[in-house]
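J.: Can you keep this structure in mind? I'll have questions shortly.
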Amino acid sequence: MSDYKTNSHNIYLTGSFVPTDRLSLAGIIGFNKSKAELETVIMPDITGRLDGALANLDFSFDRMHEYSNLDYEMLTLAVNGEYRLSPLVLLTVEAEYADLSDNTGYVYGIETGSLVFIRTGIRFSF
Amino acid sequence: MKKLISNLVVFVLVLGLFVIPVSAGEDEAVQTYSVWAGSHYTGFGDYTRKVGEYNLGNDEFLPELKGYYRFRDATRLFSFKAHYYDHKNISVDAKGTLSDRFTAELFYRSLTHQQGQDLLANLETREAGGAKILTHELRDKGADYHSDRYEAGAKFNWLVSRDNNIRIMAAHRSVLRRGEEQKIGSNHCYSCHITSQSVNIDKRTHQFEAGVQADVEKFTLGYQFGYRIFDSRAFDPAVYYDSAMHPTLNDLSYKVEFPSRLNYDDTILAYGAYPETEKISHKIRMKGEVGKGQLASSLTFNQTTNKKVELTSDAWAGVLNYAVLLSPRTRLVAKASGTRKSNDDPFIDLRPWREGRPAPVTTPSYVTNFDFTRYSSLDRFEGKISAEVIHRLTPRITLDVLAGFQLIDRYDYPTLDESYQTKRFIGQAKMRYRKGLKYANTVKYRFEKTSDPFRSFRGLFEARGFDVLEPAVTIPTDPPSRFIFYYQREALRYQDITSLPTDYHEFEFSSTYKPNMRYSLTAGMKGKYDKNGDLDSLDVEHLTLQPNLSLTVTPAPRWSFMAGYTFTYNKSRGPVTVALFDG
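Structure representation (structure tokens):
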């Protein structure tokens, strides 16, 4: 029997500010830190049961549990703003940065990566 | 794809007819338009398939467009929304309502999904005494796995007559998925060779529903027909199965002995094929007033057929819900449901084991036939009953108590003509306290006691002691040689195994304090614990704790902040086993 333990911390802060009737701003900071570990697997001691046919096999699995370990952090930063150019025309700007740090890797290997996302446009209302 | 889009355009134009002829002369009509035109840029660093799982762009600006239109007058409502993110991410939704007579909706959405590659790294090669215990091979290293999903659908609801409120409904939905995916093939134990390759995806699901509904005296009666098909137009993937031979001994006799124990080797065969599914369903519904309460019920029959192999599964399901006010402060909700599922029992025809091979050492040959009929553990009756009483103790306190019972009776499990029953008792109590907008508190506890949850009978662990097996062959030497084959080791397995619990506890608490409209503080805690105490040599249990805290502050009309923290702790205890093959 073995324990598999997961600890996940998730924290966020959002804010919005409307400095003028024409301008509104908002932002978010998010951070997730997660870790999961499988307890070291202690296999039964079968030393006394190994006969000639099995003596060539190594029944220790000291590092087997490490494959299931997870350890990663994800940081997300996002800001967006809207500026009303006229009663019918709105300028929008968004930016987001996401950074994933994968410290152990798993099925897909090390998944460390970052994303920068920028979006801007103009909305016309009628 | 083009057909889907052309159908969409035609339908939007038809829906538009709702609006155009009348809007010009209708003074009370209100129309709203908005168009957003812009661009987005995505830039990636390092591994992109996790942070950019649903993003197509890579270090480039792509055009983006959004549109919205809404028309409304005294009897009609029409809305249209569209969003073009990139050529693989598009959504369109159009809705029209004509008084209470007719509603229609049409939608289309698509997205792309980029997937990583399973590196098979956990399938670690170990060598001992020259025996390769396990090998893996990525034949498509660095492959670009992705799938593009397209979904289109339409819904109609037409009030045919106000007499008896007769309505006709119809709905259609199609989902297509195309791209490439990873398929993993496993060789037999003689080589323990796992291979990976890229294969095309071309999956299609089409679903159609039609129904009619009418009021008859105090009841509303309805009938709904459903038809769904799924198939894959991609070629079934094929993989080469290695020649069967002893992993270490290069003896010629093993090169004929090993294949004789397998259904196939040294050949290319299709694997991982998708089914071709057809599902037909009929559902009748009835709801209305019975006594002082409201009754809602339905009876459904589903038949699902995998047309590739002509295997059919039937399911009958009945649901009965009754809600009544027992007093001005007390409400009772009673529910009962029953489902009966039955599946075809396919006959599995296997090649005779050791066909053409002599007996060990001497003749006559020892050939065994392992043909069998596969009886499904999904053949079952499942019944549920529950009663929930919601009582307002005081104007601020509400108590909610629920009791239920569930029975699952599996036919032909674990063996033919045997029955395996799971019984579950459920108890739950929930209390809410609310004082205006200032305080809101909820506390909940749920308990489930299950006897005989589903388990795989004798599915794990060999008992030590080779001599407990009866030899398949006794060779008349002096002294006689006893010969035990590998397949006989199945009889050494003794442990029933499951990860499902016999005892389940759930606790939930949430409290919100809002002294004024500027501040709000919420704290809560969720906890779950389950264990199985019926397994003689396993100790299976799970624990989850999840505290949370959030704060909302609005210091001034133009400022607002929200902050929160959630912690999740999870612990699972279960058996860890290692599959071994020593050659």
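Going down the list, the protein sequences come from chains E and C.
The first sequence begins at 1 in the numbering used here and counts up by one.
The second sequence begins at 1 in the numbering used here and counts up by one.
For glycine and all other residues, C-beta sits at the position ideal for the given N, C-alpha and C.
Fair warning: this is a prediction, and the values are worked out from it, not measured in the lab.
Under 8 Å Cβ-Cβ, which residues of chain C neighbour Pro19 (chain E)?
T.: Residue 19 (chain E) sits at position 19 when you count from the first residue of the first sequence. Simply Arg558.
J.: Give the secondary structure of Val630 (chain C) by DSSP, where H, G and I count as helix, E and B as strand, and everything else as coil.
T.: It is not possible to answer for residue 630 (chain C), since the shown part of chain C is limited to 1 through 583.
J.: May I ask you to verify whether the region 224-231 of chain C touches the region 179-198 of chain C, counting CB pairs closer than 8 Å and requiring at least 3?
T.: The region 224-231 of chain C is not in contact with the region 179-198 of chain C.
J.: Could you pull out every residue in the same chain whose Cβ sits closer than 8 Å to the Cβ of Arg167 (chain C), ignoring the five residues on either side in sequence?
T.: Along the second sequence, read from residue 1 onward, the residue named residue 167 (chain C) stands at position 167. Here the set comprises Asn157, Trp158, Leu159, Val160, Val212, Gln213 and Ala214.
J.: If you pair each beta-carbon of the region 546-565 of chain C with each one of the region 11-24 of chain E, do three or more pairs fall below 8 Å?
T.: Judged by Cβ distances under 8 Å, the region 546-565 of chain C makes contact with the region 11-24 of chain E, as three or more pairs qualify.
J.: For Lys50 (chain C), which beta-bridge partners are listed by DSSP?
T.: One-based indexing of the second sequence puts residue 50 (chain C) at position 50. In DSSP, Lys50 (chain C) forms no bridge with anything.
J.: Looking only at its own chain, which residues have a Cβ that is under 8 Å from the Cβ of Asp118 (chain C), when we skip the five neighbours before and after it?
T.: Position 118 of the second sequence, counted from the start, is the residue given in the question as residue 118 (chain C). Closer than 8 Å at the Cβ level, and outside the excluded window around Asp118 (chain C), lie Gln182, Ile184 and Ser196.
J.: For Pro557 (chain C), which option in C:Asp534, C:Tyr519 and C:Ser537 has the closest C-alpha, if you only look at C-alpha atoms?
T.: Start at 1 with the first residue of the second sequence, and residue 557 (chain C) comes out as number 557. The shortest Cα separation from Pro557 (chain C) among C:Asp534, C:Tyr519 and C:Ser537 belongs to C:Tyr519.
J.: Tell me whether Gly109 (chain E) sits in a helix, a strand or coil according to DSSP, three-state version.
T.: If you number the first sequence from 1, residue 109 (chain E) lands on position 109. Three-state result, Gly109 (chain E): strand.
J.: Is the beta carbon of Arg455 (chain C) less than 9 Å from the beta carbon of Asp417 (chain C)?
T.: Translated into positions along the second sequence, residue 455 (chain C) becomes position 455. Translated into positions along the second sequence, residue 417 (chain C) becomes position 417. No.
J.: Going along the region 563-577 of chain C in order, which residues come within less than 8 Å of chain E, judged by CB to CB distance?
T.: Cβ contacts with chain E: Ala563, Gly564, Tyr565, Thr566, Phe567, Thr568, Tyr569, Asn570, Lys571, Ser572, Arg573, Gly574, Pro575 and Val576.
J.: Near Lys287 (chain C), what residues of its chain come up, given a Cβ to Cβ distance below 8 Å and the 5 sequence neighbours on each side ignored?
T.: As a first step, residue 287 (chain C) is located in the second sequence; it is residue number 287 there, counting from the start. Only Phe219, Thr220, Gln294, Leu295, Ala296 and Ser297 meet the Cβ criterion.
J.: Do you know how far the Cα of Ser86 (chain E) is from the Cα of Ser126 (chain E)?
T.: Position 126 of the first sequence holds residue 126 (chain E). Position 86 of the first sequence holds residue 86 (chain E). Here residue 126 (chain E) is Phe; the residue named in the question, Ser, does not match the sequence. Spanning the two alpha carbons is a distance of roughly 12 Å.
J.: Excluding the five sequence neighbours on either side, which residues of its own chain have a C-beta within less than 8 Å of the C-beta of Tyr4 (chain E), listed in chain order?
T.: In the first sequence, the residue the question calls residue 4 (chain E) occupies position 4. Answer for Tyr4 (chain E): Ala36, Glu37, Leu38, Glu39 and Ser68, listed in chain order.
J.: What are the boundary residues of the beta strand (DSSP E) that Ile484 (chain C) is part of?
T.: Position 484 of the second sequence, counted from the first residue, corresponds to residue 484 (chain C). Per DSSP, Ile484 (chain C) belongs to no beta strand (DSSP E) and is neither H nor E.
J.: Quick check on Leu269 (chain C): buried or exposed, where buried means 16 or more other Cβ atoms within 10 Å of its Cβ?
T.: Within the second sequence, numbered from 1, the residue matching residue 269 (chain C) stands at position 269. The residue in question, Leu269 (chain C), is exposed, as its Cβ has fewer than 16 Cβ neighbours within 10 Å.
J.: Taking C-beta pairs closer than 9 Å, name the residues in chain E that Phe44 (chain C) reaches, listed in chain order.
T.: Numbered from its first residue, the second sequence carries residue 44 (chain C) at position 44. The answer, in chain order, is Gly113, Ser114, Leu115 and Val116.
J.: As a quick exercise: from C:Phe483, C:Thr522 and C:Leu460, pick the residue whose alpha carbon is nearest that of Leu492 (chain C).
T.: By one-based count along the second sequence, residue 492 (chain C) stands at place 492. Nearest of C:Phe483, C:Thr522 and C:Leu460 to Leu492 (chain C), Cα basis: C:Leu460.
J.: Just verifying my parser: in three-state terms, what is the DSSP assignment at Arg22 (chain E)?
T.: Within the first sequence, residue 22 (chain E) is the residue found at index 22, counting from 1. Residue state, collapsed to three classes: coil.
J.: Between which two residues does the beta strand (DSSP E) carrying Leu634 (chain C) extend?
T.: This structure gives no information on residue 634 (chain C), because the portion of chain C shown stretches from 1 to 583.
J.: Flag this pair as yes or no: are the beta carbons of His83 (chain C) and Thr112 (chain C) separated by less than 9 Å?
T.: Taking the first residue of the second sequence as 1, we reach residue 83 (chain C) at position 83. Taking the first residue of the second sequence as 1, we reach residue 112 (chain C) at position 112. Not a contact, by the Cβ cut-off of 9 Å.
J.: Between the beta-carbon of Leu299 (chain C) and the beta-carbon of Ile284 (chain C), is there less than 9 Å?
T.: By 1-based counting over the second sequence, the position of residue 299 (chain C) is 299. By 1-based counting over the second sequence, the position of residue 284 (chain C) is 284. Yes.
J.: Taking the runs of the beta strand (DSSP E) that are 3 residues or longer, which of them lie wholly in the region 268-348 of chain C?
T.: As far as the region 268-348 of chain C is concerned, its whole beta strand (DSSP E) runs of at least 3 residues are 277-290, 293-306, 311-327 and 330-343.
J.: Using CA coordinates, which residue listed in C:Trp316, C:Arg434, C:Phe107 and C:Val30 is at the minimum distance from Ser510 (chain C)?
T.: Your numbering for residue 510 (chain C) matches position 510 in the second sequence. Nearest C-alpha to Ser510 (chain C): C:Arg434.
J.: Have a look at Ile110 (chain E) and Pro275 (chain C) and give me their C-alpha separation to the nearest angstrom.
T.: The residue you call residue 110 (chain E) lines up with position 110 of the first sequence. The residue you call residue 275 (chain C) lines up with position 275 of the second sequence. Rounded to the nearest angstrom, the two C-alpha atoms are 34 Å apart.
J.: Once DSSP output is grouped into helix, strand and coil, what is the label at His391 (chain C)?
T.: The sequence position of residue 391 (chain C) within the second sequence is 391, counting from 1. In the structure shown, His391 (chain C) sits in a strand (DSSP, three-state: E or B).
J.: For a cutoff of 9 Å on Cβ pairs, would you count Val79 (chain E) as touching chain C?
T.: Here the question's residue 79 (chain E) lines up with position 79 in the first sequence. So, not an interface residue.
J.: What residues from the region 28-53 of chain C come within 9 Å of chain E, judged by C-beta to C-beta, listed N to C?
T.: If the cut-off is 9 Å between Cβ atoms, the region 28-53 of chain C has Gln31, Thr32, Tyr33, Ser34, Val35, Trp36, Ala37, Gly38, Ser39, His40, Tyr41, Thr42, Gly43, Phe44, Gly45, Asp46, Tyr47, Thr48, Arg49, Lys50, Val51 and Gly52 near chain E.
J.: List, in order along the chain, the chain E residues whose C-beta lies closer than 8 Å to that of Glu64 (chain C)?
T.: Here residue 64 (chain C) refers to the residue found at position 64 when the second sequence is read from its first residue. What Glu64 (chain C) touches in chain E: Arg119 and Gly121.
J.: Inspect the CB distances between the region 566-578 of chain C and the region 542-549 of chain C and report whether three or more fall short of 8 Å.
T.: Cβ pair count under 8 Å is three or more, so yes.
J.: Measure the C-alpha to C-alpha separation of Lys307 (chain C) and Tyr108 (chain E) and round it to an integer number of angstroms.
T.: What you label residue 307 (chain C) is simply residue 307 of the second sequence in a count that begins at 1. What you label residue 108 (chain E) is simply residue 108 of the first sequence in a count that begins at 1. The alpha-carbon atoms of Lys307 (chain C) and Tyr108 (chain E) are separated by roughly 35 Å.
J.: Assuming Glu506 (chain C) is part of the beta strand (DSSP E), what are its boundary residues?
T.: For the purposes of this step, residue 506 (chain C) is taken as the residue at position 506 of the second sequence. Segment Asp503 to Asn516, the beta strand (DSSP E) holding Glu506 (chain C).
J.: Considering Phe461 (chain C), what are the terminal residues of the beta strand (DSSP E) in which it resides?
T.: Position 461 of the second sequence, counted from the first residue, corresponds to residue 461 (chain C). Where Phe461 (chain C) is concerned, the enclosing beta strand (DSSP E) stretches over Ser456 to Glu462.
J.: Consult DSSP for His136 (chain C) and reduce its assignment to one of helix, strand or coil.
T.: Here residue 136 (chain C) refers to the residue found at position 136 when the second sequence is read from its first residue. In the structure shown, His136 (chain C) sits in a strand (DSSP, three-state: E or B).
J.: For Leu119 (chain C), go through chain E and note every residue whose CB falls closer than 8 Å to its CB, in chain order.
T.: Along the second sequence, read from residue 1 onward, the residue named residue 119 (chain C) stands at position 119. Within 8 Å Cβ-Cβ: Val107, Tyr108 and Gly109.
J.: Going along the chain, which residues of the region 1-35 of chain E sit with their C-beta nearer than 8 Å to a C-beta in chain C?
T.: Correct list: Met1, Ser2, Asp3, Tyr4, Lys5, Thr6, Asn7, Ser8, His9, Asn10, Ile11, Tyr12, Leu13, Thr14, Gly15, Ser16, Phe17, Val18 and Pro19.
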